[in-house]
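One structure is given here, and the rest of the page talks about it.
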Amino acid sequence: MALPALAFLTSELKTTDLGLAYGIQFLIGNGFGALSKFLSGLIGDVFGIGYIFFLLSAAAFFAGIFLCFKKTMRQKVLKQKNIALDKKKGICNEK
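Going letter by letter, the sequence shown gives residues 3 to 97 in my numbering.
See below:
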């Protein structure tokens, strides 16, 4: 599994919001990953194998909502602090 290598590479970079990315990566890899087999097996036994894909679709949907919400909140914070985001260069400049 490449998770230890990804964790090492993520921890070496120094960028904004890296702590959140690092924490979410470990939560998903270890926390939810440990429960996924149990939860998928339980849903498969009770409702049928097809419903496991609904669970995966719901997880992907909530991940997409989280990403959209995070982007919107970041833009609001940058506006409040009067900082312009240069999307081509990926850097923030004060106005």
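Just so it is clear, CB atoms sit at the ideal spot from N, CA and C, and this is done for glycine as well. None of the values given here were measured: they were computed from a predicted structure.
Residue i: CB within 7 angstroms of a non-hydrogen atom of the ligand FAD
{"i": "residue 42", "result": "This structure lacks the ligand FAD, and indeed carries no ligand of any kind."}
Unbroken alpha helix (DSSP H) run spanning residue i, endpoints
{"i": "residue 37", "result": "35 to 48"}
Supposed close pair residue i, residue j - CB separation, criterion 8 angstroms
{"i": "residue 29", "j": "residue 42", "result": "With a Cβ gap of about 18 angstroms, residue 29 and residue 42 do not count as contacting."}
{"i": "residue 45", "j": "residue 54", "result": "6 angstroms"}
Contact with chain B by residue i, beta-carbon distance below 8 angstroms
{"i": "residue 77", "result": "Looking at the structure shown, chain B is missing, and only one protein chain is on hand."}
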